[in-house]
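Read the structure below first, then the notes.
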Amino acid sequence: MMIKAYRYIKARDAVMRGIFLFCAVFAVLALGCICVFLFAEGLPFIGKVGVSNFFGTKWHLDSGAYGILSMIVASLYVTGLSTLIGIAIGLFTAICLYKFCPAKAVNPIRQLITLLAGIPSVIYGLFGMIVIVPFLRDNISSNGVGYGILAASLVLSVMILPTIVSISLDALNSVPRSYYEGALALGATSEQSVFKVMLPAAKSGILAAVVLSIGRAIGETMAVIMVIGGSPAMPGSLFQSVRTMTANIAMGATELSGDAATALVSTGVVLFCFTLLLNTSISLLKGGFKRESKSA
Amino acid sequence: MGNNQIDTARDSEAVRVEEGGAALNNGGLPESSDMYNITVRNCDLYYGDFQALKSVSIDIEEREVTALIGPSGCGKSTFIKTLNRMNDLVEGCRITGEILIGGRDIYAKSTDVTLLRKNAGMVFQKPNPFPMSIYDNIAFAPRTFGIKKKIELDVIVESSLKHAGLWLEVKDRLKKNAMGLSGGQQQRLCIARALAADPKILLMDEPTSALDPISTGRIEELINELKTEYTIVIVTHNMQQATRISDKTAFFLLGEIIEYGTTESIFSMPKDKRTENYITGRFG
C-alpha cells in the first residue's frame, strides 16, 4: 500500500518536472525559432540583391531597389530624439517625485504615469495623428507638413515616460538614505544632496531605464506609422514624410509578396540586430557596474 | 529667542529660502572661533506624541570632549541630532526650549541650517562614505560651498586626510572608490570629510560601534588629537571609551540628563544612584 503510494508520488514528480522543464525551455525555443526564421529567410536575400543595394538609399520595388538606409536613419533619428525628450522629462519627473513634491502626491502621480504604459499604442497614434500632427503643421512647421520625425518623437517620448520614471524612481529609492543624511550633515542643501550624491549613486539603474526606453522606442510600430508619413525618403527635415524600419515592415506586410516580402524580413534582421545590440549593452552595463561595486 | 517650534523638515527648508541672505552672517553663528560652546536650556523634544527629551539642560565647553552615555533609547542620539538640526528631517518632530551655540539660538528663524551643519560636522554610527572616489568624498563639502579650484581642493583634501590620520594609507589611491576602504578607514574618511567642511564642532554618534578594536583605538587616538581644535560631542555605549577619551560625561536616562560632570567624578563617585547602577553595569 505504502509502496504503491510512494511510486505514484514519484511518477507524479517526474511528470511535473517534465512539464516545468518544457515551460522553461519554451521561451528559449521561441527565441531560437524566431532567430532561425529571420536569418534563414533574411540573410540570403541580402546576399542575393547585394549588400550595397540593400543598404542603399533607394527603395523602389518595381525596379528591384531594396535600399533601407533611409529607414535605418529615420529609425535612429526617431529613437534618439524621442529618448532625449523622454529622458529629460522622465528623469526630472522621477527626481521631483523622489524628493521635491508633497509626500501625499507621490503615489497618485506615479500611478497616473504608470497608467500611460497601459494605453494601447494605436491610441497614441490616433492622438498624434489628430492632435500633434495638425498642431505641428499649423504652428511649428515651416513647410506646412506635420508628419515626420518630430511628431513621431513626441508621441514616442510620452510612450517611454512610464519606463523612465518608474525605473529611475526605483533606482533612486534603492540608494541608502544614509548618503542623503550624510550629505545634509555636511551642509549640503536638499537639492545638492540629490543631484550630487543620490543621482550619481543611482546611475546604473537610470542607465538601465535609458537603454530599456531606447529599445521600446526603436521597436514601436503602430504609433509611429500613424504620424511619420511613410515615404521611403532619406530624412532631411523634422517635418517630412519618412519611414522607419518598423513602419516599413508593418506597412508592407499585408500587401507585398515574393521578393518584396522577403525584403521585409531582411529589414527585420537589421532591426533585430539593433535590439540585440541594445540588450547586450544592457548586460554589459550591468556586469560593469557589478564589477565596479565589487572591486569598490 | 524664547521657545521655538520646529515642525517638519519642510518648514525649515522654507525658512532657509526666506533667509537667503543669511549665508553672510555665518548661519547665525559667531565668526570668531573662540566661541563654540553649546548651551542647552529646558529642551523638550517630541516625536509625534512621544517625548524623547525632557527638559534637557547642559553646558558643553569648547575644545573638550563631552561623552553622552546611557542605555539604548535614552535620547542621547536624539539629543546629538538636535545640535545640527538633523532632527528637522524627522516627520512630526517638535522641539521647544533653547539651544545656543556660541550664544546664538540655532533654532532661530535667521539660522542658516546648511551653515550650521557645516560648522557642526557629524560622524554617523555606520560609516557612510559616498559611492565616489576618496578625493570626491573629501572635496564634497568644500565644493558644496563653492570652492572649485583644483589647487585649493587639493590642499583641503590633503590636510583633512592628514588630520584624520588617513593620508599615508590613501594618498596613492585618491581616485579609487571610497567603498573599497575597510570599515575603520571608511569611518576615518567620514571624519576627514566632516573636517573638510572646516567645522568648529564635531558630533559623533557612536562612531566606533561598527568597528573592530584596532580601528576603534585609532579613532579614539584621533579624537584625542582633534579636541585641541574642535568641540567634540560623542555618543557612546562603551564606558571604557568614555573614560578614555572624554573630559565631561553626561548620563541620559529616559530622555533626561540624570547627571553631568567631569568624567572622572561621574565614574569614580557618581552622585545619583541610577548613574552608579548604569556605570557598574547593573542595567542598560
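If you read the protein sequences in the order shown, they are chains A and B. Remember, my numbering sits 16 above the position in the first sequence when you count from 1. Remember, my numbering sits 1490 above the position in the second sequence when you count from 1. Ideal placement from N, C-alpha and C gives every residue a C-beta, glycine not left out. These numbers were taken from a predicted model, which means no experiment stands behind them.
{"Item": "Residues of the region 1566 to 1578 of chain B with a CB closer than 7 Å to any CB of chain A: list them in chain order, please.", "Value": "N1574, M1576"}
{"Item": "Inspect the CB distances between the region 159 to 170 of chain A and the region 243 to 263 of chain A and report whether three or more fall short of 8 Å.", "Value": "yes"}
{"Item": "Using a cut-off of 8 Å between C-beta atoms, extract the partners of N1618 (chain B) located in chain A.", "Value": "P192, S194, Y195, E197, G198"}
{"Item": "Could you tell me if D1578 (chain B) is buried or exposed, where buried requires 16 or more neighbouring beta carbons within 10 angstroms of its beta carbon?", "Value": "buried"}
{"Item": "CA-CA distance, L1605 (chain B) and L301 (chain A)?", "Value": "39 Å"}
{"Item": "Sort out for me which residues DSSP pairs D1534 (chain B) with in a bridge.", "Value": "B:T1586"}
{"Item": "In this structure, what does DSSP give as the bridge partners for I1559 (chain B)?", "Value": "B:F1741"}
{"Item": "Just list the residues that DSSP pairs F1540 (chain B) with in beta bridges.", "Value": "B:Y1537"}
{"Item": "What are the boundary residues of the beta strand (DSSP E) that includes A119 (chain A)?", "Value": "Note, A119 (chain A): premise wrong, no beta strand (DSSP E); alpha helix (DSSP H) at 119 to 133."}
{"Item": "Tell me, please, whether the CB atom of L202 (chain A) is closer than 8 Å to any CB atom in chain B?", "Value": "yes"}
{"Item": "With 8 Å as the C-beta to C-beta threshold (strictly closer), list the residues of the region 205 to 222 of chain A near chain B in chain order.", "Value": "T205, S206, Q208, K212, V213, P216, A217"}
{"Item": "Output yes or no for whether 8 Å exceeds the beta carbon distance between E1746 (chain B) and H1727 (chain B).", "Value": "no"}
{"Item": "Checking 8 Å against the spacing of the C-beta atoms, do I1461 (chain B) and T1718 (chain B) come in under that value?", "Value": "This structure cannot speak to residue 1461 (chain B), because chain B is shown only from 1491 to 1774."}
{"Item": "Taking only the alpha-carbon atoms, compute the straight-line gap between L1656 (chain B) and I1628 (chain B) and give it to the nearest angstrom.", "Value": "12 Å"}
{"Item": "Under 9 Å between beta-carbons, which chain A residues line up against R1678 (chain B)? List them in chain order, please.", "Value": "Within chain A, no residue comes near R1678 (chain B); the closest Cβ sits about 15 Å away, beyond 9 Å."}
{"Item": "Say the cut is 7 Å; is the CB of Y1597 (chain B) nearer than that to a heavy atom of the ligand MN?", "Value": "Absence of the ligand MN is noted for the structure shown, with no ligands found whatsoever."}
{"Item": "If you reduce the DSSP assignment to three classes, tell me which class R1594 (chain B) lands in.", "Value": "strand"}
{"Item": "Provide the residue span of the alpha helix (DSSP H) that contains A90 (chain A), from first to last.", "Value": "85 to 111"}
{"Item": "Short check: CB of V1555 (chain B) to CB of I1724 (chain B), under 8 Å?", "Value": "yes"}
{"Item": "Please give the ranges of any alpha helix (DSSP H) in the region 248 to 290 of chain A, keeping only runs that are unbroken, at least 4 residues long and fully inside the region.", "Value": "261 to 269"}
{"Item": "Starting from L1693 (chain B), trace the alpha helix (DSSP H) in both directions and tell me its first and last residue.", "Value": "From DSSP, L1693 (chain B) is part of no alpha helix (DSSP H) but of the beta strand (DSSP E) over 1691 to 1695."}
{"Item": "Between S1523 (chain B) and chain A, is any beta-carbon pair separated by less than 8 Å?", "Value": "At S1523 (chain B) the pLDDT is 47, less than 50, meaning the model places this residue with poor confidence; the figure from the coordinates comes in the next sentence. S1523 (chain B) does not count as touching chain A."}
{"Item": "Measure how close the beta-carbons of S184 (chain A) and I101 (chain A) come, nearest whole angstrom, since I'm counting them as under 8 Å.", "Value": "That pair is no contact at about 15 Å."}
{"Item": "When the cut-off is 8 Å and only beta carbons count, does G1608 (chain B) lie next to chain A?", "Value": "With the sequence shown as reference, residue 1608 (chain B) is identified as Lys, and Gly is not the correct amino acid for it. With 8 Å as the cut-off, K1608 (chain B) counts as an interface residue toward chain A."}
{"Item": "How many Å lie between N69 (chain A) and L293 (chain A) at the Cα?", "Value": "23 Å"}
{"Item": "Quick check: what's the CA-CA separation for Q1731 (chain B) versus F1757 (chain B)?", "Value": "12 Å"}
{"Item": "Expressed to the nearest angstrom, what Euclidean distance is found between the alpha-carbon atoms of F1630 (chain B) and A217 (chain A)?", "Value": "14 Å"}
{"Item": "Taking the beta strand (DSSP E) that I1748 (chain B) belongs to, which residues open and close that run?", "Value": "1746 to 1752"}
{"Item": "Around the Cβ of A131 (chain A), are there at least 16 other Cβ atoms within 10 angstroms (buried) or fewer (exposed)?", "Value": "In the sequence as presented, Ala is not what sits at residue 131 (chain A); that position holds Leu. Answer is exposed; the Cβ neighbour count stays below 16."}
{"Item": "State buried or exposed for S1672 (chain B), treating a residue as buried only when at least 16 other CB atoms are found within 10 Å of its CB.", "Value": "exposed"}
{"Item": "What do you get for L1535 (chain B), buried or exposed, if any count of 16 or more other CB atoms within 10 angstroms of its CB means buried?", "Value": "buried"}
{"Item": "Looking only at its chain, what residues have a beta carbon closer than 6 Å to the beta carbon of K1566 (chain B), apart from the 5 residues adjacent to it on each side?", "Value": "L1558, G1560, V1725, F1742"}
{"Item": "Measure the C-alpha to C-alpha separation of R28 (chain A) and L1701 (chain B) and round it to an integer number of angstroms.", "Value": "54 Å"}
{"Item": "For S182 (chain A), count the other beta carbons within 10 Å of its own beta carbon; 16 or more makes it buried, fewer makes it exposed. Which is it?", "Value": "buried"}
{"Item": "Check the Cβ of S1694 (chain B) against every Cβ in chain A and list those closer than 9 Å, keeping chain order.", "Value": "Sequence check: residue 1694 (chain B) is Met here, not Ser. The premise fails here: M1694 (chain B) is roughly 11 Å from chain A at the closest Cβ pair, so nothing lies under 9 Å."}
{"Item": "Where does A1610 (chain B) sit, in a helix, a strand or coil, going by DSSP?", "Value": "strand"}
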